[in-house]
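Chemist: Just dropping this structure here.
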Amino acid sequence: MLSRYHVFCKVIENKSFTKAAEELGYSQSAVSQMVKALEQELGTHLVIRDKTGITLTRDGESYYPSIQRIYHSENLLGKKQREMNGLEDSIIRIGTFTSISRNVLPQLMQQFKEGYPSVHFVLQQGEYTSISQWIRDDSVDFGFTSETMSDGLVTRPLYEDEMVLVLPENHPLSSQDSVSLKQLTKFPFILLDEGECSVSLEAFQKQGLAPNIEYKVYDDYSILAMVRQGLGISILYHLVIAGFEDGLVIRRLDQTPKRTVALTWKNWDTMSLAARKFAEFVIKRTPEIVCGLIS
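For the sequence shown, numbering that gives the first Met the number 0 assigns the number 294 to the last residue and increments by one with no breaks.
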């Protein structure tokens, strides 16, 4: 519904209640009532009707510039609201890690931009600890983390990702269908750096074991290259390895380490409209995408 300020300005522009009503798609009676309501609000008469049309009273002339400013501000606000609902030029900042940014986010962003082509994305890549801190600091709108690394934040579990053993070709363990963590301790190990919460390291520790760590590497795909070169063996997430198996041997572990990947944010209500809409889209679509990747 149009405001009385909008209607009043149209009456003055058209110098006629009838013409203003036609332009606005209102009845003449409705336009008259809205002008009268504005006069009652301000406690004075604003217009005079005579045979020549509509003219402003002295008080009307004094009030008119202020009423115009309110009318124009309402127009700007309405325009901005329409832009926001269409997410025009909105920026969505996301904290993410390698397997998400390579396998999941490209599909999500492409599909989302079909409905909101003017939205922009900024991806900030790290590990669970840094991503959680970025969310707390408002450096990103939301992020992907491990569910166990989100103290004080809100999380929504998305999917569970199991870890598998990654070996170079012709490795002594490659002849086995399944391998124990104890067997891994005999070989040089490349540890995936997951911040303060290392799922693979915790799996060893639960069994009172310590891997022979030769390297600690943040990037999953650097680890794959190092394993291919025979620099060591590693445990990586199933989703990371999908499509990169060439030159590697992948084996199951008797005791399977796993993580629950969650979408994490600080305060839903204070996130931008664009961030909330995309977060809802992520929650809805991610399980389906992951299922397609690992099936």
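Beta carbons are placed, not taken as given, at the ideal position from N, Cα and C, and that holds for glycine.
In this text, all values refer to a predicted model and were calculated from it rather than measured experimentally.
Name the one or two DSSP bridge partners that M162 has.
Modeler: Y236
Chemist: From I134 to Q27, what does the alpha carbon distance come to, in whole angstroms?
Modeler: Rounded to the nearest angstrom, the two C-alpha atoms are 54 Å apart.
Chemist: Output yes or no for whether 8 Å exceeds the beta carbon distance between G207 and R227.
Modeler: no
Chemist: Three-state secondary structure (DSSP) at E213?
Modeler: strand
Chemist: Take the Cβ of G323 as the centre, count every other Cβ of all protein chains shown within 10 Å, and call the residue buried at 16 or more, exposed below.
Modeler: In the structure displayed, the chain extends from 0 to 294; residue 323 sits before or after that span and is not available.
Chemist: For the region 1-12 and the region 36-43, state whether three or more C-beta atom pairs, one from each stretch, are separated by less than 8 Å.
Modeler: yes
Chemist: Relative to the C-alpha of G194, which residue among N211, L172, S149 is closest?
Modeler: S149
Chemist: Can you tell me where the beta strand (DSSP E) with D49 in it begins and where it stops?
Modeler: 46-49
Chemist: Can you give the Cα-Cα distance for T285 and R258, rounded to whole angstroms?
Modeler: Computed Cα separation, rounded: 15 Å.
Chemist: Going by other Cβ atoms of all chains shown within 10 Å of its Cβ, with 16 needed for buried, is S174 buried or exposed?
Modeler: S174 is exposed by the Cβ-count criterion.
Chemist: Can you tell me where the alpha helix (DSSP H) holding G114 begins and where it ends?
Modeler: 104-114
Chemist: Going by alpha carbons, who is nearest to L180 out of P167, T54, S197, P256?
Modeler: P256
Chemist: Is it buried or exposed, K50, if we count other Cβ atoms within 10 angstroms and call 16 or more buried?
Modeler: Counting Cβ neighbours within 10 Å, K50 comes out exposed, since fewer than 16 surround it.
Chemist: Under 8 Å, do F186 and G231 count as touching if we go by C-beta distance?
Modeler: yes
Chemist: Report the residue ranges of all beta strand (DSSP E) runs contained in full by the region 126-193; include only those spanning at least 3 residues, in chain order.
Modeler: 141-145, 153-167, 187-191
Chemist: At which residue ranges does the region 16-74 contain complete alpha helix (DSSP H) runs of 4 or more residues, listed in the order of the chain?
Modeler: Runs of the alpha helix (DSSP H) inside the region 16-74: 16-23, 27-41.
Chemist: Looking at L252 and V178, is the spacing between their C-beta atoms short of 8 Å?
Modeler: Contact annotation: V178 and L252 have beta-carbon atoms nearer than 8 Å.
Chemist: If V139 and L235 are in contact, beta carbons under 8 Å, what's the gap, nearest whole angstrom?
Modeler: That pair is no contact at about 25 Å.
Chemist: Measuring straight from C-alpha to C-alpha, what distance separates W267 and R275?
Modeler: 7 Å
Chemist: Going by DSSP, what residues sit across from G94 in a beta bridge?
Modeler: Q123, G142
Chemist: Roughly how many angstroms separate the alpha carbons of L272 and L86, rounded to a whole number?
Modeler: 8 Å
Chemist: Going by other Cβ atoms of all chains shown within 10 Å of its Cβ, with 16 needed for buried, is S61 buried or exposed?
Modeler: It is exposed - the Cβ of S61 has fewer than 16 other Cβ atoms within 10 Å.
Chemist: Excluding five sequence neighbours on each side, which residues of the same chain lie with their C-beta closer than 8 Å to the C-beta of L55?
Modeler: I11, L45, V46, I47, Y63
Chemist: Taking a contact to mean a Cβ-Cβ separation below 8 Å, would you say L190 touches L183 in this structure?
Modeler: no
Chemist: So, with DSSP's three-state summary, where would you put L230?
Modeler: coil
Chemist: List the residues that DSSP assigns as beta-bridge partners of L223.
Modeler: L223 pairs with nothing; no bridge assigned.
Chemist: Could you spell out where the beta strand (DSSP E) holding V261 opens and where it closes?
Modeler: It is Ala, not Val, that sits at residue 261 in the sequence shown. Note, A261: beta strand (DSSP E), 257-264.
Chemist: Might you give, ordered along the chain, the residues of its own chain that have their beta carbon closer than 6 Å to the beta carbon of S233, omitting 5 neighbours on each side?
Modeler: V165, I189, I222, V226
Chemist: Rounding to the nearest angstrom, what Cα-Cα distance links E244 and Y220 in this structure?
Modeler: E244 and Y220 have their alpha carbons spaced roughly 11 Å apart.
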